[in-house]
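The structure appears below as structure tokens.
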Amino acid sequence: MVRQDPKPGRSLGWKTLALGLAAVLFLAGGVVAGYVFYSTVKDLVAHAQLGSPALSNTEQGRSENNELPDLARERVNILLLGTDKRTGEIGPSRTDTIIVLTVDPKSKTAGMLSIPRDLWVSIPGYSENRVNTAHFIGDRDKYPGGGPALAKTTVQYLLGVPIHYYVRVNFEGFERLIDAIGGIAIDVPEHILDTKFPDSNFGYMTVDISAGLQHMDGKTALQYARVRHGSSDFTRARRQQQVIEAIGEKVLSLDLPLTRIPEMLKLVGDSVQTDLSLNEMYSLAKLAREIPLHTLQNGVIDESMTTTQITPDGADVLIPNRALIRELVNQIFGSAGNGAAGANSKELIEKEAAKIEVQNGTLVPGLAQRAADYLTGLGYNVFVFSNADRSDYASTVLIDYSGKPNTLSALAQRFKVASDNIRHSTLQPGEADIRIILGQDYASTVE
């Protein structure tokens with residue numbers, strides 16, 4: 014669901030960098046401190062000896078996103094990942110929190126979309142799995158760019174929008190940074206009692222948070238953002254966005270002395286990583302000044318857009334309703350979420366260069382050739398057309414073999430393909446990236 018912040022007339026200035034941009038990044042690992050620092054004392058950056066992976070690790074995760082946006086003119090999307098790695102743990106980790114932040118310099122708007130960790134998705138190059146396993150698999154298999162890169166590719170495939178950057182934080186970094194700003198204030202809507210909250214020793218502890226306005230330190234804020242017992246991932250996603258806003262409000266109220274900024278960045282240590290460079294941080298900081306706070310839109314892929322299902326292995330997962338999710342994406346990301354509209358989408362489709370196979374699933378002669386000619390005239394790469402395995406398809410079917418989300422979305426809208434007729438397969442027949450099987454519904458529109 015989308016919620017638009019009702020407070021008009023305020024902008025994200027150099028000290029705020031809060032809701033819609035810096036607050037989210039702050040949740041993801043204190044990058045707001047970097048924004049404040051670099052937007053006010055840019056010349057000092059070259060001389061600061063910070064030694065933080067949050068600022069130096071700009072290579073990991075970029076392999077799938079070589080063409081990055083012009084931050085002054087093009088929409089930018091940032092994937093925020095909260096990992097479940099505890100102190101002392103080594104090896105790959107899953108992502109407990111998955112949020113996409115979007116900022117559009119043309120419309121001066123911003124938004125964020127939460128993705129539930131149990132959402133069942135296609136992981137490009139792998140089989141279907143929970144979305145939170147993409148990061149784990151990427152690190153485990155030494156995917157080019159590591160876990161962040163595969164997570165970016167997976168989310169891009171799911172939403173049909175480009176994911177340009179990432180920020181990743183673990184539990185320890187989150188706690189440290191909340192404490193560094195003196196805690197946050199949260200209006201807890203209802204009493205929370207969880208007797209099986211995971212502790213740091215792989216056991217359980219009790220979390221008891223009263224309803225009403227509460228001042229939370231880093232530990233309590235993390236518990237509030239993570240607690241799931243007695244609720245759902247959707248409720249937790251809304252709490253996480255509430256925490257983000259609380260961080261933003263706290264940052265708004267602070268007059269951080271410059272002497273504390275390097276200290277805060279060093280405090281992050283190796284708890285945070287990002288592929289944002291120093292110059293990109295600075296550019297985003299400048300962009301943040303121009304975005305009115307009231308334009309922020311919050312969205313959660315929730316129970317109205319998913320169906321609970323148990324896999325053959327006995328795991329509870331969420332099956333996405335792609336049509337409803339696409340509507341939400343279009344609301345938050347604008348034309349970037351609409352595969353059939355806008356110059357930006359056209360460029361994304363051209364970049365994907367999907368090889369399209371058109372098949373006639375009806376008795377209407379020449380239907381595949383007509384559709385192929387139509388698509389070729391629009392600039393699509395149709396390399397073959399033929400008859401389908403049978404001729405009684407009532408509805409048009411799209412089969413995606415190789416993860417071309419923008420082309421797939423555009424074709425789905427152009428041929429009015431229902432979400433349950435959009436299929437994904439890792440068994441690619443021949444050279445086709447996407448196969449269109451034309452049904453009687455399409456034939457009736459051209460007869």
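At position 147 of the sequence shown (counting the first as 1) the number is 160 in our numbering, and the numbers step up by one without a gap.
The beta-carbon is built from N, C-alpha and C at its ideal position, and this holds for glycine as well.
Values in this document were obtained by computation on a predicted structure and should not be read as measured data.
Measuring straight from C-alpha to C-alpha, what distance separates residue i and residue j?
i	j	result
V430	T375	16 Å
T122	N214	42 Å
P82	T389	28 Å
G195	I257	15 Å
P461	Q236	No answer is possible for residue 461: the residues shown for the chain start at 14 and end at 460.
L114	G124	6 Å
V377	I332	35 Å
E188	D230	8 Å
S135	G379	34 Å
Y51	L300	Low per-residue confidence applies at Y51: pLDDT is 36, beneath 50, and the placement is therefore not dependable, though the value from the model is reported in the following sentence. Near 13 Å, if we compare the C-alpha coordinates of L300 and Y51.
F428	V395	15 Å
D381	P442	First, the residue type needs correcting, since residue 381 is Ala and not Asp in the sequence shown. Distance between the alpha carbons of A381 and P442 is about 18 Å.
L226	Q254	16 Å
R91	A445	At residue 91 the sequence reads Ile, which differs from the Arg that was named. So the alpha carbons of these two residues sit roughly 30 Å apart.
E185	Q286	13 Å
D192	L171	35 Å
A259	H228	10 Å
Under three-state DSSP, which class holds residue i?
i	result
F210	strand
L451	strand
D152	helix
A456	helix
D230	coil
Y237	helix
V134	strand
G347	helix
E87	coil
N373	strand
K121	coil
S127	strand
S296	helix
S399	strand
I323	strand
L411	strand
V5	Residue 5 falls outside the range modelled here, since the chain spans only 14 to 460, and no answer is possible.
Q441	coil
D221	strand
L92	strand
V144	coil
V180	strand
Note down, in chain order, each residue of its chain lying with its Cβ closer than 7 Å to the Cβ of residue i, except the 5 sequence neighbours on either side.
i	result
G434	For the sequence presented, residue 434 should be read as Asn rather than Gly. Once the five neighbours on either side are set aside, the close Cβ partners of N434 are S408, T409, V410 and L411.
Q169	P175, I176 and P418
V330	D131, W133, R143, Q322 and T324
Y139	I150
How is the alpha helix (DSSP H) around residue i delimited, first residue to last?
i	result
E185	F184 to A193
T389	L380 to G390
Y170	G159 to L172
S422	P418 to R427
Pick out whichever of the options has its Cα sitting closest to the Cα of residue i.
i	options	result
A336	S432, L440 and A445	S432
E316	I128, I112, E87 and K232	I128
T219	M229, S140, T233 and Q344	T233
V180	P105, D200 and L94	L94
K132	L391, D246, N419 and E444	A small correction: the amino acid at residue 132 is Leu; Lys does not occupy that position in the sequence shown. Checking every option, the nearest Cα to that of L132 belongs to D246.
G327	D109, N142 and R251	N142
H437	Y455, N419, A425 and Y414	Y414
P202	Q310, T248, K209 and G158	T248
D454	Y406, K417 and P418	Y406
I338	A385, Q286 and G312	G312
A367	Q227, K209 and L424	L424
F398	A238, T108, Q426 and R448	R448
K209	T458, N292, V240 and I191	V240
A198	E340, F184 and I222	I222
K119	R88, R252, L190 and T287	R88
P137	A250, T439, Q426 and A456	T439
L341	N373, I369 and Q310	Q310
Q372	A250, R251, L451 and R107	L451
L84	D402, A384 and E293	E293
G416	T167, T108, T110 and V116	T167
State the start and end residues of the unbroken beta strand (DSSP E) segment that holds residue i.
i	result
V113	T108 to D117
P333	D329 to P333
H437	I435 to H437
G312	Q310 to V313
V285	V285 to T287
Are any of the Cβ atoms in chain D nearer than 7 Å to that of residue i?
i	result
A423	This model lacks chain D altogether; it includes just one protein chain.
What does a CB cutoff of less than 6 Å around residue i pick up in its chain, not counting 5 residues either side in sequence?
i	result
G160	H148, G151 and D152
L126	V113, G312 and I345
A13	The first residue shown for the chain is 14 and the last is 460, placing residue 13 beyond what the model contains.
P105	F149, D152 and R153
Excluding the 5 residues preceding and the 5 following residue i in the sequence, name in chain order all residues of the same chain whose CB lies nearer than 8 Å to its CB.
i	result
E363	G392
R86	P118 and K119
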